[in-house]
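Colleague: Dropping the structure in here first, questions after.
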Amino acid sequence: MKKIILLITSVICTITLNAQSLNVELFDQYLRSDLRYSGSWTYVAPDGSEYALLGAFSGLAAYSIDNSPVTEVGFVAGPENNWREITVVGNHAYVTTEGTGAGEGMQVVSLEYLPDSLHLVTTVDDLFSHAHIIQSDIYHPDSAYVYVNGTNLIEDTITTQTGIHIIDVSNPANPNQVGVYNPGYYIHDCHVRGNRLYAAALYQGMMDIVDISDKSNPQLLQQFSYPNAFTHSSWTSEDHRFLYVCDEVDGLPMRVFNIEDLNNISEIPQAQYTANIVSLVHNPYRRGDFLFISHNTEGLRVLDIAQPDVPIEVGYYDTYTGPSGGYSGLWSACPFLPSGKIIGGDRTGGLFVWTFNDTKAGRIYGVVRDSLTGNELLFSDVTLVGSNDTINTGGSGNYAVGGLPGTYSLTAFKPGYIPKTINNINLQSEDSLWIEIELARITIDVSEVADQAIQVYPNPLTAQIIVDFSEASSSPRQLLIFDVQGRSVLELNLDTGLNRYDLSGLENGLYFYEIYAGQERVKSGRLVKEED
């Protein structure tokens, strides 16, 4: 079993998964005798036959995937390397790798003869000796250009070009470079859609948005950064209003930015996503209302992004049984086949082919208000119990949560107010429910005990909780702990000074606590119990 830590903005919840998959089924797997595997892409022949292309350590492999078992139907050798990336324009594949030596550069491979064989048409070796990522504009299949990123790092002697090569491949046998986006720093990956290019400047921690309407003269439109950025890759939403950005660093979630106004780009903080904060979030690819993420040690993850600013995980398939974190597991996941199949390249597991049942999430929207004044309660915590989805309302009082179809409870909490739980919410696929939550204010008499004189720690806790009740009081004092359903789970008497209690028997999860001096509630808050 793998321990999963789910980050939803303000709260980290830990759960243990027994299942390897949810709503995603393995169609087939193929492991050839190579050392490593990485990038993958798809090809559909004129007769509708579907193929998977996989970057292996020693070259490019092609597979027929219409039926199970899948079969390898072609191979083209290339420079040996752990990373090999592919894109397809028309009936040709374009392949890059960071390996150097015989066959270095960009290989052009004909797919016209499948399922009989692959044919190496030419190798472009006069523009760069190696590159990391190659992309094309999948939303405009008639666009005969490829975009090569991460070419020849600064320390190499051949060239110091580290930007993006824009190459016309309308004649596959004679590719022609028509332009270069060269900002003077390394571009790791890019997402191309129409006349815009989104360039991930990994080491700058920055995203460049570039106008490529004139491909011979790319122009920077805007650039932005964010805290702890290590900008790896990105993709746009269906309506082109949002940009999903991933950082190739353990502990950093996928972020979502509103890019409607390039002069006012803003992050949607409640839309951050990771299946496990210990692991890094890799490449995002969108197909319709779903985002398919290769999540390294957490495998394939599928998000419902019908509402782009409220992504909800609706499926997964974990390809890696080892510990979470680091550069192991699933490198790539490509979902662009008409049949709906998804293919992926796992570093040690080779080719995976999956099907996804298109399960969609439901969402609950609402506002938290003061029951007396009707004012919105800013920075309240709202938990959808059963999905472990907790968000903070921030500066608006509004919330949005979601989950798979099922029955849930909704709990709202804010210090100084009595927590409230709404039970038996029947959430269906594609639901968009509106639920307002009113919280009653706690009336506190602090004549005997000042709130700041009471300390409760650690929080989160594992086995022990400490309550420092530093001021003497003639009234009896108690610590009450409630679960998210509002049920009392523990009542403890307090003395002046340090009070230590063993809570190792308490189940992991979210709780609320209240401290009383006599009949007066003098402190309340939220408490998280984690595994030691």
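The numbering used here puts the sequence shown at residues 1 to 532. Where is the CB? At the ideal position from N, CA and C, for every residue including glycine.
Should the region 81 to 91 be regarded as contacting the region 139 to 151, the criterion being three or more beta carbon pairs within less than 8 Å?
Modeller: Contact between the region 81 to 91 and the region 139 to 151 is present, because at least three Cβ pairs lie under 8 Å.
Colleague: For V95, which beta-bridge partners are listed by DSSP?
Modeller: V95 is bridged to I86 and Q107.
Colleague: What are the boundary residues of the beta strand (DSSP E) that N459 is part of?
Modeller: Counting along the chain, N459 falls outside any beta strand (DSSP E), and DSSP gives it neither H nor E.
Colleague: Who are the Cβ neighbours of P183 in its own chain at under 8 Å, not counting the five residues just before and after it?
Modeller: Cβ neighbours of P183 beyond the five flanking positions: G163, A199, A201, D208 and L220.
Colleague: Can you tell which of S429, L494, E430 and D502 has the C-alpha that lies nearest to the C-alpha of P458?
Modeller: Measuring from the Cα of P458, the nearest candidate turns out to be D502.
Colleague: Looking only at C-alpha atoms, which of G505, R477 and L280 sits nearest to N493?
Modeller: When only C-alpha atoms are compared, the closest one is R477.
Colleague: A229 by DSSP, collapsed to three states: which one?
Modeller: Coil, per DSSP.
Colleague: Where do the N-terminal and C-terminal ends of the beta strand (DSSP E) with Y516 fall, by residue?
Modeller: Note, Y516: beta strand (DSSP E), G509 to A517.
Colleague: By the 10 Å Cβ neighbour count, where 16 or more other Cβ atoms means buried, how is N176 classified, buried or exposed?
Modeller: It counts as exposed.
Colleague: Measuring only the C-alpha atoms, how far is P284 from V314?
Modeller: For P284 and V314, the distance between alpha carbons rounds to 15 Å.
Colleague: Could you name the residues of the same chain whose beta carbon sits closer than 6 Å to that of Q20, not counting the 5 residues immediately before and after it, in chain order?
Modeller: Contacts found: D318.
Colleague: Quick one: measure Cβ to Cβ for G362 and Q428, integer angstroms, because I've assumed they're closer than 8 Å.
Modeller: That pair is a contact at about 5 Å.
Colleague: Considering only the alpha carbon of each residue, which of W331, H191, A229 and R521 lies closest to D211?
Modeller: For D211, the nearest C-alpha among the options comes from H191.
Colleague: Which one of W235, G251, R255 and N217 has the shortest CA to CA distance from I167?
Modeller: For I167, the nearest C-alpha among the options comes from N217.
Colleague: Going residue by residue through the region 247 to 301, where are the continuous beta strand (DSSP E) segments of at least 3 residues, counting only ones entirely within it?
Modeller: Taking only runs of at least 3 residues, the beta strand (DSSP E) segments lying wholly in the region 247 to 301 are 255 to 258, 284 to 287 and 290 to 294.
Colleague: Would you report the Cα separation of L330 and R32, rounded to the nearest angstrom?
Modeller: Each residue's alpha carbon lies about 16 Å from the other.
Colleague: Using alpha carbons as the reference points, say which of A306, F230 and I187 lies closest to E430.
Modeller: Looking at the Cα atoms, A306 is the closest of the given residues.
Colleague: Should the region 365 to 381 be called in touch with the region 244 to 258, which here means at least 3 C-beta pairs below 8 Å?
Modeller: The region 365 to 381, when compared against the region 244 to 258, does not touch it at the 8 Å Cβ threshold.
Colleague: Answer yes or no: do E112 and W354 have a C-beta to C-beta separation smaller than 8 Å?
Modeller: Result no, Cβ atoms of E112 and W354 do not sit closer than 8 Å.
Colleague: Quick one: what does DSSP say D445 is sitting in, helix, strand or coil?
Modeller: In this predicted model, D445 has a pLDDT of only 43, less than 50, meaning its place in the structure is not dependable; the value taken from the coordinates is given anyway. DSSP places D445 in coil when its eight states are reduced to three.
Colleague: Taking the runs of the beta strand (DSSP E) that are 3 residues or longer, which of them lie wholly in the region 164 to 237?
Modeller: Entirely contained in the region 164 to 237, the beta strand (DSSP E) runs reaching 3 residues are, in chain order, 164 to 168, 176 to 181, 189 to 193, 196 to 201, 206 to 211, 219 to 225 and 231 to 236.
Colleague: Looking at the structure shown, is K414 part of a helix, part of a strand, or coil, going by DSSP?
Modeller: In this structure, K414 counts as coil in the three-state DSSP scheme.
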